[in-house]
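Engineer: Heads up: the protein sequence lines correspond to chains A and B, in order.
Using my numbering, the first residue of the first sequence is number 65, and each one after it goes up by one.
Using my numbering, the first residue of the second sequence is number 7, and each one after it goes up by one.
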Amino acid sequence: MNVVERRDATEDFDVPTLIDTLEASLRREIERRGLLNPAMVGIETGGAWIAAALHARLGLAEPLGLLNISFYRDDFSTVGVHPRVGPSRLPFNVEGRDILLIDDVLFTGRTIRAALNEIFDYGRPARVVLGVLVERSGRQIPIQADCIGGHASAGQNQRIKLVGPEPLRLVTQMV
Amino acid sequence: MKHTQIGSLQLDSAGRLRHFLTVEGLNAGLLNRIMDTAESFCSVTEQTVKKVPLLRGKTVVNLFFENSTRTRTTFELAAKRLSADVLNINIATSATAKGESLLDTIRNIEAMQVDMFVVRHAHSGAAHFIAQHVAPHVSVINAGDGRHAHPTQAMLDLFTIRRSGRELPALKVAIVGDILHSRVARSEIHALRLLGVRDIRAIAPRTLLPMHAEDLGVSLWTDLDAGIEGVDVVVMLRLQRERMSGAFIPSEREYFARFGLTARRLALARPDAIVMHPGPINRGVEIDSEVADGLQSVILKQVHYGIPIRMAIMSLAMRSGTDFDPGAERRA
């Protein structure tokens with residue numbers, strides 16, 4: 065697993081390599097756990113870009129699902145409705161399904177919590193495997209990724225963001 | 007009330023929705039934002055659990071001083087699909103009927119820590135009045151006030167047109183029937199004009215056209231056959247007999263003969279024209295059953311889209327914890 069060190073505030077990561085690593089990790093996980101005809105779900109917007117690439121590479125039979133978790137976020141009481149990023153589409157039956165949930169950056173874990181809640185409102189999946197392009201420190205709830213493209217170090221006052229869709233670039237910004 | 011006053015009542019200093027009382031004083035960006043948000047809510051109905059947790063812990067009060075089934079139930083469903091708690095207050099059997107003033111009723115319900123009032127009232131301006139007097143954390147949605155406005159109906163109509171795949175500004179829209187008594191027509195005309203629609207035709211007998219209707223920015227027609235020619239959208243209005251105190255029409259039979267939408271008349275519009283009606287429909291008075299149930303009718307789609315559009319309006323207007331300044335927004 066490649067470790068990407070942040071060097072300065074606008075440092076780009078090598079996204080293609082991170083996707084390769086994540087793909088290999090997902091293949092191993094599918095094999096190891098014997099996932100049956102898994103369906104892939106990307107979290108809008110960064111996770112959806114990564115999921116689109118992985119979906120094609122893994123040759124999955126089910127169409128790609130997209131989640132817009134803005135209605136499931138836990139910060140409505142402080143910031144209100146988030147800007148729209150498109151409706152959620154899960155074009156397959158979630159009930160009893162093995163799901164590969166894909167996001168770009170795993171940070172606090174709150175986005176994944178919201179995504180899991182939304183998926184369960186569509187049905188009861190058999191297993192959910194979490195794959196992320198990069199993970200960084202700063203978890204606020206006990207959620208960990210199963211498959212990781214790489215690790216990034218960033219301070220609490222820094223934000224790592226996937227910019228895309230073409231080309232895909234990971235950039236670190238001060239907040 | 008002047009438009010600027012309404013605008014400052016409806017929007018906060020950052021231009022965000024505070025109350026939703028009328029389309030007047032709003033802007034195209036906000037109307038589009040409402041429809042974009044509704045678009046996202048459409049997928050909620052595909053879920054096994056048809057709910058999102060957005061307004062969990064918020065309390066919405068349906069305050070209906072006037073009868074309504076469709077509007078009240080779609081507001082109730084919209085609030086429930088946002089996970090809010092809903093209180094339906096039947097005014098006919100409430101304390102107001104015992105002589106309590108409107109403001110006292112509001113103050114009492116407000117003391118129960120509610121977050122939003124959805125108000126329907128027979129008097130024009132009732133929702134404004136309530137919005138002027140509620141506590142800063144409470145939002146008010148107008149679900150129809152007298153002959154004045156029914157802005158959520160206008161929004162769901164626009165959303166229905168947009169979902170039918172039509173581009174708004176170039177459309178020719180005919181609004182047919184009892185325009186005089188129609189708060190739907192008034193709100194719809196304002197909304198269509200805000201979104202750039204220029205060819206809006208108000209078609210009605212002289213007695214059912216408001217004085218100075220031209221000021222609304224529509225063309226006036228008293229002949230349905232001529233007015234409907236080549237339009238993309240036909241909005242039929244219900245003949246509001248309960249609001250008529252005099253003789254506005256000779257008879258329903260004659261009204262239907264001159265202003266009822268039949269298949270023959272609809273054939274004068276564009277072949278792909280859609281037919282809308284805010285409901286409830288009077289079959290054989292303003293619209294023929296053949297048309298109401300026909301392929302060009304989107305009347306039931308309007309009901310369907312009423313839920314996501316009201317979810318969007320409620321979630322955008324609902325106050326979140328930090329975005330209001332109680333000192334500045336408290337109104338006398």
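We put the beta carbon where it would ideally sit given N, CA and C, even for glycine.
Being a predicted model, the structure only gives us computed values, none of them experimental.
Please confirm whether R174 of chain A has its beta-carbon closer than 8 Å to some beta-carbon of chain B.
Structural biologist: Residue mapping note: residue 174 of chain A aligns to position 110 of the first sequence, counting from 1. Not closer than 8 Å to any Cβ of chain B, the Cβ of R174 of chain A fails to qualify, so no.
Engineer: Straight-line CA distance for M65 of chain A to T109 of chain A?
Structural biologist: Counted from its first residue, the first sequence places residue 65 of chain A at position 1. Counted from its first residue, the first sequence places residue 109 of chain A at position 45. Residue placement at M65 of chain A is flagged as unreliable, the pLDDT there being 45, under the threshold of 50; the coordinate-derived value follows with that caveat. Rounded to the nearest angstrom, the two C-alpha atoms are 25 Å apart.
Engineer: For a cutoff of 8 Å on Cβ pairs, would you count D185 of chain A as touching chain B?
Structural biologist: Here the question's residue 185 of chain A lines up with position 121 in the first sequence. It does: the Cβ of D185 of chain A has a partner Cβ on chain B nearer than 8 Å.
Engineer: Does the Cβ-Cβ distance between I209 of chain B and G233 of chain B come in under 8 Å?
Structural biologist: Start at 1 with the first residue of the second sequence, and residue 209 of chain B comes out as number 203. Start at 1 with the first residue of the second sequence, and residue 233 of chain B comes out as number 227. Yes.
Engineer: Please tell me whether M282 of chain B and V304 of chain B are closer than 8 Å, where the distance is taken between their beta carbons.
Structural biologist: Here residue 282 of chain B refers to the residue found at position 276 when the second sequence is read from its first residue. Here residue 304 of chain B refers to the residue found at position 298 when the second sequence is read from its first residue. Result yes, Cβ atoms of M282 of chain B and V304 of chain B sit closer than 8 Å.
Engineer: Report yes if the C-beta distance between Q302 of chain B and L267 of chain B is below 8 Å; otherwise report no.
Structural biologist: If you number the second sequence from 1, residue 302 of chain B lands on position 296. If you number the second sequence from 1, residue 267 of chain B lands on position 261. Against a cut-off of 8 Å, the Cβ pair of L267 of chain B and Q302 of chain B comes out as no contact.
Engineer: Give a yes or no on whether the minimum CB-CB distance between V58 of chain B and chain A is below 8 Å.
Structural biologist: Counted from its first residue, the second sequence places residue 58 of chain B at position 52. True, the Cβ-Cβ gap to chain A drops below 8 Å.
Engineer: Can you check whether the CB of I176 of chain A is closer than 8 Å to the CB of I163 of chain A?
Structural biologist: To locate residue 163 of chain A, count along the first sequence from 1; it is residue 99. To locate residue 176 of chain A, count along the first sequence from 1; it is residue 112. No.
Engineer: Would you tell me roughly how many angstroms separate the C-alpha atoms of M242 of chain B and L214 of chain B, rounded to the nearest one?
Structural biologist: Taking the second sequence and counting its residues from 1, one reaches residue 242 of chain B at position 236. Taking the second sequence and counting its residues from 1, one reaches residue 214 of chain B at position 208. In a straight line, the C-alpha of M242 of chain B is about 13 Å away from that of L214 of chain B.
Engineer: Find the nearest neighbour of I287 of chain B within the set B:I195, B:L245 and B:A132, judged by alpha-carbon distance.
Structural biologist: Along the second sequence, read from residue 1 onward, the residue named residue 287 of chain B stands at position 281. Comparing Cα-Cα distances from I287 of chain B to each of B:I195, B:L245 and B:A132, the minimum goes to B:L245.
Engineer: Only counting runs of 4 or more residues, tell me where the alpha helix (DSSP H) segments fall wholly within the stretch 264-294 of chain B, in order along the chain.
Structural biologist: Qualifying alpha helix (DSSP H) stretches, in chain order: 269-272.
Engineer: Which term fits E248 of chain B, buried or exposed, when burial requires 16 or more other beta carbons within 10 angstroms of its beta carbon?
Structural biologist: Numbered from 1 along the second sequence, position 242 holds the residue referred to as residue 248 of chain B. Exposed is the call here.
Engineer: Could you give the first and the last residue of the continuous alpha helix (DSSP H) run that contains N38 of chain B?
Structural biologist: Your numbering for residue 38 of chain B matches position 32 in the second sequence. Where N38 of chain B is concerned, the enclosing alpha helix (DSSP H) stretches over A34 to F47.
Engineer: Hey, how far is the Cα of I112 of chain B from the Cα of E72 of chain B?
Structural biologist: Numbered from 1 along the second sequence, position 106 holds the residue referred to as residue 112 of chain B. Numbered from 1 along the second sequence, position 66 holds the residue referred to as residue 72 of chain B. Roughly 16 Å separates the two Cα atoms.
Engineer: Under three-state DSSP, which class holds I313 of chain B?
Structural biologist: Reading the second sequence from its first residue, position 307 is the one you call residue 313 of chain B. Three-state result, I313 of chain B: helix.
Engineer: Please tell me whether V58 of chain B and L88 of chain B are closer than 8 Å, where the distance is taken between their beta carbons.
Structural biologist: Taking the second sequence and counting its residues from 1, the one referred to as residue 58 of chain B is at position 52. Taking the second sequence and counting its residues from 1, the one referred to as residue 88 of chain B is at position 82. It is a contact, given that the beta carbons lie within the stated cut-off.
Engineer: Going along the stretch 141-170 of chain A in order, which residues come within less than 9 Å of chain B, judged by CB to CB distance?
Structural biologist: Against chain B - using a Cβ distance shorter than 9 Å - the residues of the stretch 141-170 of chain A are S141, T142, V143, G144, V145, P147, R148, V149, G150, P151, S152, R153, L154, V158 and E159.
Engineer: Could you say which of A:N181, A:V193 and A:K225 lies nearest to L86 of chain A if we only look at CA atoms?
Structural biologist: On the first sequence, residue 86 of chain A is found 22 positions in, with the first residue counted as 1. That would be A:V193, whose Cα lies nearest to the Cα of L86 of chain A.
Engineer: Give every residue of the same chain whose Cβ lies closer than 8 Å to the Cβ of R153 of chain B, excluding the five residues on either side of it in the sequence, and list them in chain order.
Structural biologist: Taking the first residue of the second sequence as 1, we reach residue 153 of chain B at position 147. The residues are S130, L186, H187, S188, R189, R192 and R249.
Engineer: Under 8 Å, Cβ to Cβ, is there at least one residue of chain B near N242 of chain A?
Structural biologist: Nothing can be reported for residue 242 of chain A: it is not among the residues displayed for chain A, which extend from 65 to 239.
Engineer: For my contact list, G173 of chain A and R203 of chain A are in at a C-beta cut-off of 8 Å; report their separation, rounded to the angstrom.
Structural biologist: Sequence index remark: in the first sequence, residue 173 of chain A carries index 109 (1-based). Sequence index remark: in the first sequence, residue 203 of chain A carries index 139 (1-based). Between R203 of chain A and G173 of chain A the Cβ distance is about 5 Å, and since that is below 8 Å, they are a contact.
Engineer: How about V198 of chain A and V169 of chain A: do their beta carbons lie closer than 8 Å?
Structural biologist: Residue mapping note: residue 198 of chain A aligns to position 134 of the first sequence, counting from 1. Residue mapping note: residue 169 of chain A aligns to position 105 of the first sequence, counting from 1. Their beta carbons are under 8 Å apart, which means V198 of chain A touches V169 of chain A by this criterion.
Engineer: Check the Cβ of N181 of chain A against every Cβ in chain B and list those closer than 8 Å, keeping chain order.
Structural biologist: By one-based count along the first sequence, residue 181 of chain A stands at place 117. Going along chain B in sequence order, the residues near N181 of chain A (Cβ under 8 Å) are P59.
Engineer: DSSP on I115 of chain B, reduced to helix/strand/coil?
Structural biologist: For the purposes of this step, residue 115 of chain B is taken as the residue at position 109 of the second sequence. Helix.
Engineer: Quick check for students: name the residue ranges of the alpha helix (DSSP H) that lie wholly in the stretch 147-200 of chain B, counting only runs of 4 or more.
Structural biologist: Entirely contained in the stretch 147-200 of chain B, the alpha helix (DSSP H) runs reaching 4 residues are, in chain order, 157-169 and 189-200.
Engineer: Where does L121 of chain B land, buried or exposed, given buried means 16+ other C-beta within 10 angstroms?
Structural biologist: Start at 1 with the first residue of the second sequence, and residue 121 of chain B comes out as number 115. Looking at the sequence shown, residue 121 of chain B is not Leu but Asp. Label assigned to D121 of chain B: buried.
Engineer: Apart from the five residues on each side of it in sequence, which residues of its chain come closer than 6 Å, Cβ to Cβ, to G46 of chain A?
Structural biologist: With chain A running from 65 to 239 in the structure shown, residue 46 of chain A is simply not present.
Engineer: Enumerated in chain order, which unbroken segments of the beta strand (DSSP E) with a length of 3 residues or greater are wholly contained in the stretch 195-230 of chain B?
Structural biologist: With a minimum length of 3 residues, the continuous beta strand (DSSP E) runs that stay inside the stretch 195-230 of chain B are 205-209 and 225-227.
Engineer: For a cutoff of 8 Å on Cβ pairs, would you count N221 of chain A as touching chain B?
Structural biologist: If you number the first sequence from 1, residue 221 of chain A lands on position 157. Not one chain B Cβ lies under 8 Å of N221 of chain A.
Engineer: Look at the alpha carbon of V146 of chain B and the alpha carbon of E220 of chain B, and state the distance between them as a whole number of angstroms.
Structural biologist: The sequence position of residue 146 of chain B within the second sequence is 140, counting from 1. The sequence position of residue 220 of chain B within the second sequence is 214, counting from 1. Computed Cα separation, rounded: 30 Å.
Engineer: In whole angstroms, what is the alpha-carbon distance linking M118 of chain B and H156 of chain B?
Structural biologist: One-based indexing of the second sequence puts residue 118 of chain B at position 112. One-based indexing of the second sequence puts residue 156 of chain B at position 150. Rounded to whole angstroms, M118 of chain B to H156 of chain B spans 27 Å at the Cα level.
Engineer: If we define contact as Cβ-Cβ less than 8 Å, is F77 of chain A a contact residue for chain B?
Structural biologist: The residue you call residue 77 of chain A lines up with position 13 of the first sequence. For F77 of chain A, the answer is no, since every Cβ of chain B falls outside 8 Å of its Cβ.
Engineer: Along chain A, in chain order, which residues have C-beta atoms closer than 7 Å to that of Q53 of chain B?
Structural biologist: Position 47 of the second sequence, counted from the start, is the residue given in the question as residue 53 of chain B. Near Q53 of chain B (Cβ distances below 7 Å), the residues of chain A are D185 and Y186.
Engineer: So M217 of chain B and A44 of chain B are in contact, right, with Cβ under 8 Å, and what is the actual spacing, rounded?
Structural biologist: Residue mapping note: residue 217 of chain B aligns to position 211 of the second sequence, counting from 1. Residue mapping note: residue 44 of chain B aligns to position 38 of the second sequence, counting from 1. Incorrect: roughly 35 Å between the Cβ atoms, too far for contact.
Engineer: Go through its chain and collect everything with a Cβ distance to R39 of chain B's Cβ below 8 Å, but skip five positions before and after it.
Structural biologist: The residue given as residue 39 of chain B occupies position 33 in the second sequence. Same-chain partners within the cutoff: L322.
Engineer: So N148 of chain B packs on L27 of chain B, CB below 8 Å; how close in whole Å?
Structural biologist: Counting from 1 along the second sequence, the entry for residue 148 of chain B is found at position 142. Counting from 1 along the second sequence, the entry for residue 27 of chain B is found at position 21. Contact flag correct, Cβ pair sits at about 5 Å.
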